[in-house]
Amino acid sequence: MLLVVDDDPWTRGVVAGELRKRYEPDYQVVCADSGDDPLRLLAKFRDDRRLVSIVLARQQMSRGTGAELLARVREFHRAAKRLLLIDWGYGPAPEPIVRAIALGHIDAYVARPMTVPDERFHRVVTELLEEWARSHLPRFEVVRVVGEERSARSHEIRDLLDRNAIPFGFYPVGTERGMALLQQAGVAASARPVIFLFNGRVLVNPTNAEVAEALGMKTTPGAGLYDVAVIGAGPAGLAAAVYGASEGLSTVVLEPEAIGGQAGTSSQIRNYLGFPDGVSGADLAVRAYTQAWNFGAEYVYGNPATGLRAEGTERVVTVRGGSQVRSRAVVIATGASYRRLGIPSLDRLIGAGVSYGAAASEAKAMTDREVFVVGGANSAGQAAVHLARYAASVTGLVRGQSLAEGMSDYLVTQIASTPNIAIRHNLVVTGGGGTDCLESLTLQDRLSGTTETIPATAMFVLIGAEPHTRWLPDHIARDHWGFVVTGTDLLAGGAAPQGWPLSRPPMLLESSVPGVFAAGDVRRGSVKRVAAAVGEGSIVIRLIHDYLRGA
Ligand SMILES: Cc1cc2nc3c(=O)[nH]c(=O)nc-3n(C[C@H](O)[C@H](O)[C@H](O)COP(=O)(O)OP(=O)(O)OC[C@H]3O[C@@H](n4cnc5c(N)ncnc54)[C@H](O)[C@@H]3O)c2cc1C
0 MLLVVDDDPW
10 TRGVVAGELR
20 KRYEPDYQVV
30 CADSGDDPLR
40 LLAKFRDDRR
50 LVSIVLARQQ
60 MSRGTGAELL
70 ARVREFHRAA
80 KRLLLIDWGY
90 GPAPEPIVRA
100 IALGHIDAYV
110 ARPMTVPDER
120 FHRVVTELLE
130 EWARSHLPRF
140 EVVRVVGEER
150 SARSHEIRDL
160 LDRNAIPFGF
170 YPVGTERGMA
180 LLQQAGVAAS
190 ARPVIFLFNG
200 RVLVNPTNAE
210 VAEALGMKTT
220 PGAGLYDVAV
230 IGAGPAGLAA
240 AVYGASEGLS
250 TVVLEPEAIG
260 GQAGTSSQIR
270 NYLGFPDGVS
280 GADLAVRAYT
290 QAWNFGAEYV
300 YGNPATGLRA
310 EGTERVVTVR
320 GGSQVRSRAV
330 VIATGASYRR
340 LGIPSLDRLI
350 GAGVSYGAAA
360 SEAKAMTDRE
370 VFVVGGANSA
380 GQAAVHLARY
390 AASVTGLVRG
400 QSLAEGMSDY
410 LVTQIASTPN
420 IAIRHNLVVT
430 GGGGTDCLES
440 LTLQDRLSGT
450 TETIPATAMF
460 VLIGAEPHTR
470 WLPDHIARDH
480 WGFVVTGTDL
490 LAGGAAPQGW
500 PLSRPPMLLE
510 SSVPGVFAAG
520 DVRRGSVKRV
530 AAAVGEGSIV
540 IRLIHDYLRG
550 A
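Quick look at the structure:
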């Protein structure tokens, strides 16, 4: 069902007419005005077990705003998409809309249709419907997974399939369908996940590589010499693959988990150039993957790189499972992981009040709100100071006794002189949650052990990032935290790093081994953004051309 809420019968009629022309008979279009008590209607549809796919509400209505109504839709229909309709001339991004997006109260906004047909309006509606349909309409299941609902491996396999955009169905052990599948294949029920492929193949407790192989993906690299081996298929690796392959370099990409890296796990990336309504990380990843593939990049799935060595002019990357990639140049794009709180009820609300990483893009939406920042190091301090420019109050939640333990002096001073920042020490976040958005946090005092639950609607977690560089040999220089050191950062007092064999200094993004470059979050000093990773992944190819020409 598509529910349109608008007080004005004429504009409501235009919207409903447009929707009916395009989407009936697959979807039923229902109209209401604010006087019809749309919340009561939503409750009735829920009780009648009717599926609401999108609620479209006009911002300006006589009883409350569309944004206020949409903020409550998920109380009744947890999966419904929420589209705010605004009038032309309402302003480029006025405060209520910015705030509604930041808080996860709406999924998108669009100007109500002014011409008929209005293709821009339809594009937004269709994209929302497509997202909704992915989890609500029956689909061809390429893979069926039978496993324990709560087993970690079973969760990993579902995550792997989901992030690689492979349509699958999950049937818990013990359910009728799950047991029937096991019985058909003659497999005994156990906690280990069992995978049934569309072609009849059955895999019991497979590794990532076995799943990839069974799905027809390549899991071992070719034996020949590549121009570039890209290690990691996050935004940096994918950009390197697009530019490398499109510029005539034979390019191989190694990825053990899922295309898209950290960005692939983000439900909505809102600051990537060219996507004003945001783009899901998974969508961006699939587009980039296809783009590189179209140019001829080769992907090798399922196994991580485990080592790297130089053999003359060749660079050899060893891969778990015993294979190796030989190439003339290597791009290390293995990224980093933000340390998570590890509290599922809070991780579920990422993008709906809970944020990991820097807060710059969200700060304005925090105007007049009470905000929590978790962490006691410089990144948390900077976020607190920045957020305090907009928020009514910022409360820093810090594990240690004092900020000085982990934060630069200047930030400690700045925080002390900012009246709307308060720091609470010796505290850890142990729980919290909310129905659709963050509503509360549970904090534990590390000294007394007492816990308290407080109301909270916005929390930024900055408790460190860990680069994926343990697989690298010692002679690839890294900083104290493990990030790869590149370019001029390698020049101690202007001199090349120890063991550097060339007369020229390392190039921008080049590591302490010639021909081995680093791009994206894995690199020391990187900006930790999708656009920055993509930028570095693109630049590195130009540097590799120079390197291969003997610069
Ligand atoms: C939840 C979340 C939301 C985010 N939202 C935004 C946002 O809205 N806007 C924004 O600009 N940034 C956002 N970021 C940050 C952004 O995603 C990262 O800055 C970006 O993904 C970094 O890209 P990367 O390619 O350098 O590394 P990553 O994305 O970390 O990708 C690295 C890849 O390398 C692979 N890998 C690791 N080890 C190995 C190995 N040994 N061998 C082979 N491959 C390996 C990993 O599996 C991974 O796929 C978000 C991050 C997270 C976690």
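Taking numbering that gives the first Met the number 0, the leading residue of the sequence shown gets 0, the next gets one more, and so forth.
Glycine included, C-beta positions come from ideal geometry on N, C-alpha and C.
Annotation for D5: R11, R57 place their beta carbon closer than 6 Å to its own, counting only its chain and skipping 5 residues before and after.
Excluding residues up to 5 positions away in sequence, L50, A78 lie with their Cβ nearer than 7 Å to the Cβ of H135 in the same chain. For R339, the closest alpha carbon among the candidates L461, V13, G16, R162 is that of L461. The DSSP-derived three-state label of T250 is strand. In this structure, DSSP gives V186 a state outside helix and strand, which the three-state scheme calls coil. Bounds of the alpha helix (DSSP H) holding G243 are 234-245. The DSSP-derived three-state label of M113 is coil. With a cutoff of 9 Å on beta-carbon distance, T412 and A390 are scored as not near each other.
Residue pairing of G223 in beta bridges, as defined by DSSP: absent, with no partner found.
In terms of Cβ geometry, A457 and S354 form a close pair [threshold 9 Å].
Leaving aside the five residues that flank G481 on each side, the residues in its chain whose CB is nearer than 6 Å to its CB run, in chain order, P466, T468.
Where D346 is concerned, the enclosing alpha helix (DSSP H) starts and stops at 343-346.
Looking at A304, G311, V329, A335, the one whose alpha-carbon comes closest to that of G321 is A304. Contact between G259 and R162 is confirmed by a C-beta separation of about 7 Å, below the 8 Å threshold. Counting of Cβ neighbours within 10 angstroms places P255 among the buried residues, the total reaching 16 or more. The distance from the Cβ of G306 to that of P472 is about 7 Å, consistent with a contact at the 8 Å cut-off.
Inclusion of N270 in the 8 Å shell around ligand 1 follows from its C-beta lying nearer than that to a non-hydrogen atom of the ligand. Note that the C-beta distance between I538 and T429 is not below 9 Å. When secondary structure is reduced to three states using DSSP, G430 falls in the strand class.
Taken in chain order, the complete beta strand (DSSP E) segments of 3 or more residues contained in the region 319-400 are 323-331, 335-337, 353-355, 369-373, 392-396. Residue pairing by DSSP places C30 opposite V3 in a beta bridge. The region 22-98 contains, as complete beta strand (DSSP E) runs of 3+ residues, the segments 28-31, 53-57, 80-85 (chain order). Put simply, of N204, T394, S52 the residue whose alpha carbon is nearest the alpha carbon of Y26 is S52. Ligand 1 never approaches E297 closely enough for any of its heavy atoms to be under 8 Å from the residue's Cβ. Remark: the shortest separation between the CB of W470 and any heavy atom of ligand 1 falls under 8 Å. In this structure, A184 lies near F195, with their beta-carbon atoms less than 9 Å apart. Rounded to whole angstroms, N207 and G231 show a C-alpha spacing of 15 Å. In this structure, the alpha-carbon of R119 lies about 41 Å from that of E148. The Cβ atoms of T219 and V318 sit closer than 9 Å to each other. For L348 and T114, the gap between their C-alpha atoms comes out near 37 Å. Closest in C-alpha terms to D106, from the list E130, A281, W87, comes E130. Cα atoms of I100 and E369: separation of roughly 17 Å, rounded to the nearest angstrom. CA-CA distance, G247 to V515, rounds to 19 Å. Under the three-state reduction of DSSP output, D408 falls in the helix class. If you draw a straight line from the Cα of V329 to the Cα of V227, it comes to about 6 Å.
For Y288, the three-state secondary structure derived from DSSP is helix.
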